[in-house]
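Asker: Questions regarding the structure given below will be posed in turn.
Number of protein chains: 2
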Amino acid sequence: MKGCLKIIPLGGLGEIGKNIMALRYKDDMIVIDSGLMFPDDEMLGIDLVIPDVTYLVENRKHIRGIVLTHGHEDHIGALPYILREINVPIYGTKLTLGLLDAKLKESSYVNNVKKHCICAGDTIKLGAFNIEFIHVSHSIADVVALGIRTPVGTIVHTGDFKFDQTPVNNKPPDYHKFAELGKEGVLVLMSDSTNAERPGYTLSERVVADTFDETFRNARERIIIASFASNIHRIQLAITTAARYKRKVAVAGRSMVNVVNIARELGYLEVPAGTLIELDDVTNYPKNRVVVLTTGSQGEPMSALTRMAMCDHKRIEIIPGDTVVISASPIPGNEKMVHRTIDNLFRQGAEVIYESVSGVHVSGHASQEELKLMLNLVKPKFFIPVHGEYRHLIKHAQLAQDVGVSPENIFVVENGQVLEFTRDRGSVAGRVTSGRVLVDGLGVGDVGNIVLRDRRQLSQDGLVIIVVTMNQENGEVVAGPDIISRGFVYVRESEELIEEAKEKVRSILKTCEVQQITEWAAIKSCVRETAGKFFYERTRRRPMILPIIMDV
Amino acid sequence: MKGCLKIIPLGGLGEIGKNIMALRYKDDMIVIDSGLMFPDDEMLGIDLVIPDVTYLVENRKHIRGIVLTHGHEDHIGALPYILREINVPIYGTKLTLGLLDAKLKESSYVNNVKKHCICAGDTIKLGAFNIEFIHVSHSIADVVALGIRTPVGTIVHTGDFKFDQTPVNNKPPDYHKFAELGKEGVLVLMSDSTNAERPGYTLSERVVADTFDETFRNARERIIIASFASNIHRIQLAITTAARYKRKVAVAGRSMVNVVNIARELGYLEVPAGTLIELDDVTNYPKNRVVVLTTGSQGEPMSALTRMAMCDHKRIEIIPGDTVVISASPIPGNEKMVHRTIDNLFRQGAEVIYESVSGVHVSGHASQEELKLMLNLVKPKFFIPVHGEYRHLIKHAQLAQDVGVSPENIFVVENGQVLEFTRDRGSVAGRVTSGRVLVDGLGVGDVGNIVLRDRRQLSQDGLVIIVVTMNQENGEVVAGPDIISRGFVYVRESEELIEEAKEKVRSILKTCEVQQITEWAAIKSCVRETAGKFFYERTRRRPMILPIIMDV
Chain G
1 MKGCLKIIPL GGLGEIGKNI MALRYKDDMI VIDSGLMFPD DEMLGIDLVI PDVTYLVENR
61 KHIRGIVLTH GHEDHIGALP YILREINVPI YGTKLTLGLL DAKLKESSYV NNVKKHCICA
121 GDTIKLGAFN IEFIHVSHSI ADVVALGIRT PVGTIVHTGD FKFDQTPVNN KPPDYHKFAE
181 LGKEGVLVLM SDSTNAERPG YTLSERVVAD TFDETFRNAR ERIIIASFAS NIHRIQLAIT
241 TAARYKRKVA VAGRSMVNVV NIARELGYLE VPAGTLIELD DVTNYPKNRV VVLTTGSQGE
301 PMSALTRMAM CDHKRIEIIP GDTVVISASP IPGNEKMVHR TIDNLFRQGA EVIYESVSGV
361 HVSGHASQEE LKLMLNLVKP KFFIPVHGEY RHLIKHAQLA QDVGVSPENI FVVENGQVLE
421 FTRDRGSVAG RVTSGRVLVD GLGVGDVGNI VLRDRRQLSQ DGLVIIVVTM NQENGEVVAG
481 PDIISRGFVY VRESEELIEE AKEKVRSILK TCEVQQITEW AAIKSCVRET AGKFFYERTR
541 RRPMILPIIM DV
Chain Y
1001 MKGCLKIIPL GGLGEIGKNI MALRYKDDMI VIDSGLMFPD DEMLGIDLVI PDVTYLVENR
1061 KHIRGIVLTH GHEDHIGALP YILREINVPI YGTKLTLGLL DAKLKESSYV NNVKKHCICA
1121 GDTIKLGAFN IEFIHVSHSI ADVVALGIRT PVGTIVHTGD FKFDQTPVNN KPPDYHKFAE
1181 LGKEGVLVLM SDSTNAERPG YTLSERVVAD TFDETFRNAR ERIIIASFAS NIHRIQLAIT
1241 TAARYKRKVA VAGRSMVNVV NIARELGYLE VPAGTLIELD DVTNYPKNRV VVLTTGSQGE
1301 PMSALTRMAM CDHKRIEIIP GDTVVISASP IPGNEKMVHR TIDNLFRQGA EVIYESVSGV
1361 HVSGHASQEE LKLMLNLVKP KFFIPVHGEY RHLIKHAQLA QDVGVSPENI FVVENGQVLE
1421 FTRDRGSVAG RVTSGRVLVD GLGVGDVGNI VLRDRRQLSQ DGLVIIVVTM NQENGEVVAG
1481 PDIISRGFVY VRESEELIEE AKEKVRSILK TCEVQQITEW AAIKSCVRET AGKFFYERTR
1541 RRPMILPIIM DV
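In structure tokens, the structure reads:
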């Protein structure tokens, strides 16, 4: 279709994380967010996952800018990598750019990034796109949704949001702007599906304020609060409550220290004078006069709270009488680590207040009633559920149908599927390259399926190396076979097994010699098969078997 | 203390799974249950975990029998291993012994097991112990709690239970027996803590009956129901509902087929004649006339439902119009796998009814109000929360306090801690050996920390093998160095890196020669360090480095 608007999701549709989407009208493109994702369990050894942006690289010259909705990792985390390939101007709010700055400094690969600070209420023009930034609530400060006027109609992208009626900063979401856009007429709404399975409304951050107040009132001795470092409203709550109860606040954990510093510098945290103290000074105050704010709400192995729970933190030891508040939900996949941390804290004698005790955490994403409210305010002609795994997108599509969007105007699509819109029509129109790029150490994309498959096999039953030195000319064994194993069996108890295996290998090598098999690949394959079969029969394990033939 | 009763938990306290406990009075011992546990994510390659029963082996001659409460893996699964070391008589209900038989047949290591079939209501005498079996509800049939009269007083062990007021088999738990024991006076109650965090009552299995009915009424085409194979009440529900709606039932998945067969043979499943059909015959019936009962409710990679969701099942393909019911909760740690299966089923066009839709699954364990009811019925002098991770035990202890048990009479202990009781006193009295034994293939206990540590390192960054053939006499390099890597980098793209590494190794070998370092261990350590440093600098990865020196 000529003169149509293309919507091209490159991440975040059919998955939670690495949100990124391109909008294109003729030769003008904008990109919304550039997030990362944390690896699944089966991505062994991988540090992070970023979106495949081949399409953006190929169309680099058309990109007018990257627009950021907020400063969470799943919205800005891929920028240090993506900006190496396409250095275009970035637009975001003050806090978002502050957090991005810290990331770019750490990565040190990207220079000369043009950053433009915008505020909710501002409008900018990028090529064919007029973008208005709309204030919404979420579990970080300074978050915006986007109202984008294009030649074919207005697009609304919610980013991540909830409709918090009583937010901590007393700035409710900009209902009026959504209502105004809805009244003008919106062509396409793209809305956050993270909580599309949850009925009702997401509780207000104010609920946590009440729970914190109660916790502080009841705590006899120290209070330790773990939360996401990026949840600045929550940190503000903790600090405000601490000040009210005349407690000093110390901060533990690298990312918590970083975010508190950035947020203070940029004016997103109000800290009453004299409230913050050094972590080393905690012991200088009476136990009922201190609060420790810490990372580790997900039970991450190296985090401050996990170390405290394991008696392995250099500065803070958990002691009976401590009250530990875990002010976060376990992200799916982290449940076991979080539970282990809670168990260990109880074992140290702490009172632990955690998720299943209601009121200690609320989600940052809209639940079903709020999603319907967004749909009803914006009244879009077309609807695309975004930011969610496939079942979330399906549930969100059902909600849209419930409020009256025609089923044929709802597009449940995944990364890489291109949608085209004119003033009155929308359709799925082909595919572009999309996918996952794995980051492992300094390597971006160099770990693929073969490497992961090997890591998986090695992780299950270890490996056995069989080394033989041979004379290539006559196929005679000069030295070996030697057998070395790792992660397979406990070596000292398995000497006999290894000796027997050597015998088997010797015998197959002899057979090869007799049969005049001289191709090394063929010899290796005989050795691999013989040893593999032997070890499987004896142990029911399938270690990776690596025959190595050295030539003299 | 002389003439006291010892309670010795060897598994299931401070963890979910591998439940096993010994009771000892003078020279008489009994064992309650012998369960296994599934491995944590970090136990790479491990198949299962069984309890360390060193204490039982050492006291073999005193053991009068093993008493089983029900047939779940976490209560009987370690028996094929434990019976190899202590072959003592087993007491259990008909279904429990039937499931045990199937396990023992599979393992084929244990013969001549003396099994005694008991019914709820029976009493047996094992040495100093008079054991009465008490009917309770749980997510499998034929489950008993234990009332154990000992010379110092009566012990009640609930096993796993819930108070289902409207169970599927119309046999409510034996409230009267608990009440009677409570009236007589109970010294110690040990009670199931699995759901001690959950307020209120656990829903009745009847709720699932209603949801099934509604699902069958609404389904236009095929219905596929995934559940735990051992949940015989749930399977009965599915079959009964299918028969009512004139649908045929086919069974998919090895363990589902096994359990359905065993349960039918033993009379625990009522299957109306002509209801069951072969899986291959499903296509011979109209779509609205069939139900498929399948394994895979946990998204297990090799299970029938997961294969269907991946279009990888030989016999059943998911087609638009199918209704899939996942009648189970994800066990902690399995959430991601279950979600992926749900997403894939939606992608195939199925309607999926799952956990967050209420009524499709209920727990088999008592919630807080039921736990308090048990405490109030039994009115124990002493209380020991069992079957739960540490926080569950703590929460259960708080419930006991709430109903009036004195805090000093509540013992929150973990595996291996011995408790001693007289008629009026209880105390923690030392420790016995306890712990985990890892089963990997045929190996029981041969995979320890070193092997697991190696597997972990291999899984993270793979390995690099550096082979050199040397003349031991003069330290001259005869062949190599050769470098082979697995799970480290994608080999074709890293030739340069490997060549550079070889150069580094050559150079350090030369240095060794010059410095007359001839000890092979010392040379290996130089090579390992040089290569490790080089690879870390270039990739920020730390593969396992294995230098191998072959001698000619």
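So the sequences go chain by chain: G and Y. Okay, so the first sequence: first residue is 1 according to the numbering used here, each after it adds one. Okay, so the second sequence: first residue is 1001 according to the numbering used here, each after it adds one. A virtual CB, placed ideally from N, CA and C, is assigned to each residue, including glycine. Predicted model, so just to flag it, every value in this text is computed and none were measured.
Please look up how many angstroms separate the CB atoms of residue 9 of chain G and residue 415 of chain G, rounded, as I've assumed it's under 8 Å.
Answerer: Correct: roughly 5 Å between the Cβ atoms.
Asker: How many Å lie between residue 226 of chain G and residue 54 of chain G at the Cα?
Answerer: Cα-Cα distance, rounded: 39 Å.
Asker: List the residues that DSSP assigns as beta-bridge partners of residue 1025 of chain Y.
Answerer: In the DSSP output, where bridge partners are listed per residue, residue 1025 of chain Y has Y/1005 and Y/1028.
Asker: What whole-angstrom Cβ distance do residue 1079 of chain Y and residue 1103 of chain Y have, given they're in contact under 8 Å?
Answerer: The pair is a contact, with the Cβ atoms about 7 Å apart (cut-off 8 Å).
Asker: Have a look at the DSSP bridge pairing and note the partners of residue 1294 of chain Y.
Answerer: DSSP output for residue 1294 of chain Y lists Y/1226 and Y/1252 as bridge partner(s).
Asker: So for residue 1339 of chain Y, helix, strand or coil by DSSP?
Answerer: Helix at residue 1339 of chain Y.
Asker: Look at residue 44 of chain G and residue 1463 of chain Y and say whether their C-beta atoms are less than 8 Å apart.
Answerer: Cβ distance not < 8 Å, so residue 44 of chain G and residue 1463 of chain Y don't count as in contact.
Asker: Count the other CB atoms, across all protein chains shown, that sit within 10 Å of the CB of residue 470 of chain G; report buried if there are 16 or more and exposed otherwise.
Answerer: With 16 or more Cβ atoms within 10 Å of its Cβ, residue 470 of chain G is classed as buried.
Asker: Can you confirm whether residue 290 of chain G, when its beta carbon is compared against all beta carbons of chain Y, has any partner nearer than 8 Å?
Answerer: Judged by the 8 Å Cβ criterion, residue 290 of chain G is not in contact with chain Y.
Asker: Spatial neighbours of residue 1092 of chain Y within its chain, please: CB distance less than 6 Å, with the 5 preceding and 5 following residues excluded, ordered by chain position.
Answerer: Closer than 6 Å at the Cβ level, and outside the excluded window around residue 1092 of chain Y, lie 1068.
Asker: Keeping to the same chain, check which residues put their C-beta closer than 8 Å to that of residue 289 of chain G; ignore five residues upstream and five downstream.
Answerer: The residues are 246, 247 and 248.
Asker: List, in order along the chain, the chain Y residues whose C-beta lies closer than 8 Å to that of residue 366 of chain G?
Answerer: Ordered by position in chain Y, no residue passes the 8 Å Cβ test against residue 366 of chain G, which lies about 16 Å from the chain.
Asker: Is it right to say residue 407 of chain G is buried, meaning 16 or more other beta carbons lie within 10 angstroms of its own, or is it exposed?
Answerer: Its Cβ having fewer than 16 others within 10 Å, residue 407 of chain G is exposed.
Asker: Any C-beta of chain Y within less than 8 Å: which residues of the stretch 389 to 408 of chain G qualify?
Answerer: Against chain Y - using a Cβ distance shorter than 8 Å - the residues of the stretch 389 to 408 of chain G are 389, 390, 391 and 394.
Asker: Are three or more beta carbon pairs between the stretch 381 to 390 of chain G and the stretch 178 to 194 of chain G nearer than 8 Å?
Answerer: Because the criterion of three Cβ pairs below 8 Å is met, the stretch 381 to 390 of chain G and the stretch 178 to 194 of chain G touch.
Asker: To the nearest whole angstrom, what separates the beta carbons of residue 1316 of chain Y and residue 1252 of chain Y, a pair I think is in contact under 8 Å?
Answerer: 6 Å between Cβ atoms; contact.
Asker: Determine the DSSP secondary structure at residue 1161 of chain Y, reduced to helix, strand or coil.
Answerer: The answer is coil: DSSP assigns residue 1161 of chain Y none of H, G, I, E or B.
Asker: Within the same chain, show all residues whose beta-carbon is closer than 7 Å to that of residue 1452 of chain Y, passing over the 5 residues directly before and after it, in chain order.
Answerer: Closer than 7 Å at the Cβ level, and outside the excluded window around residue 1452 of chain Y, lie 1043 and 1044.
Asker: Take residue 296 of chain G as the anchor and find which of G/224, G/321 and G/232 has the nearest alpha-carbon.
Answerer: Closest by alpha carbon: G/224.
Asker: If contacts are defined as beta-carbon pairs under 8 Å, then residue 1271 of chain Y and residue 1325 of chain Y qualify, I think. What distance do you get, rounded to the angstrom?
Answerer: That pair is no contact at about 19 Å.
Asker: From the DSSP output, which residues share a beta bridge with residue 1000 of chain Y?
Answerer: Chain Y is shown only over 1001 to 1552; residue 1000 of chain Y falls outside these bounds and no answer can be derived.
Asker: What is the DSSP secondary structure of residue 135 of chain G, counted as helix, strand or coil?
Answerer: Residue 135 of chain G: strand per DSSP, three-state reduction.
Asker: In the stretch 454 to 482 of chain G, which residues sit with their C-beta less than 9 Å from some C-beta in chain Y, listed in chain order?
Answerer: The residues in question are 454, 455, 456, 457, 458, 459, 460, 461, 462, 463, 465, 467, 468, 469, 478, 479, 480 and 482.
Asker: Taking the alpha-carbon positions, what's the residue 232 of chain G to residue 533 of chain G distance?
Answerer: So the alpha carbons of these two residues sit roughly 58 Å apart.
Asker: Residue 1129 of chain Y and residue 1148 of chain Y: beta carbons closer than 8 Å?
Answerer: Against a cut-off of 8 Å, the Cβ pair of residue 1148 of chain Y and residue 1129 of chain Y comes out as a contact.
Asker: From residue 504 of chain G to residue 466 of chain G, what does the alpha carbon distance come to, in whole angstroms?
Answerer: When rounded, the distance between both Cα atoms is 12 Å.
Asker: Anyone know if the C-beta pair for residue 135 of chain G and residue 120 of chain G falls short of 8 Å?
Answerer: Result yes, Cβ atoms of residue 135 of chain G and residue 120 of chain G sit closer than 8 Å.
Asker: Just the chain Y side, please: which residues come within less than 7 Å of residue 566 of chain G by C-beta, in chain order?
Answerer: The shown model of chain G, from 1 to 552, leaves out residue 566 of chain G, and the question about it has no answer.
Asker: Would you grab the beta carbon distance between residue 1539 of chain Y and residue 441 of chain G for me? Rounded to a whole angstrom, and I think it's under 8 Å.
Answerer: With a Cβ gap of about 5 Å, residue 1539 of chain Y and residue 441 of chain G count as contacting.
Asker: Can a CB atom of chain G be found closer than 8 Å to the CB of residue 1244 of chain Y?
Answerer: It does not; no Cβ of chain G falls within 8 Å.
Asker: Does the pairing of the stretch 374 to 385 of chain G with the stretch 179 to 186 of chain G give three or more beta-carbon distances under 8 Å?
Answerer: Judged by Cβ distances under 8 Å, the stretch 374 to 385 of chain G makes contact with the stretch 179 to 186 of chain G, as three or more pairs qualify.
Asker: So with Cβ pairs under 8 Å, would you call residue 347 of chain G a contact of chain Y?
Answerer: Interface residue, yes.
Asker: Could you tell me whether any Cβ in chain G is nearer than 8 Å to the Cβ of residue 1026 of chain Y?
Answerer: It does not; no Cβ of chain G falls within 8 Å.
Asker: Rounded to whole angstroms, what's the CA-CA distance from residue 400 of chain G to residue 57 of chain G? Just pull it up for me.
Answerer: Using only the alpha carbons, I get a separation of about 34 Å.
Asker: Following the continuous alpha helix (DSSP H) through residue 506 of chain G, name the residue where it begins and the one where it ends.
Answerer: Looking at the DSSP string, the run of the alpha helix (DSSP H) that includes residue 506 of chain G is 495 to 514.
Asker: Answer with yes or no whether the minimum CB distance from residue 336 of chain G to chain Y is below 8 Å.
Answerer: Yes, residue 336 of chain G counts as interfacial toward chain Y.
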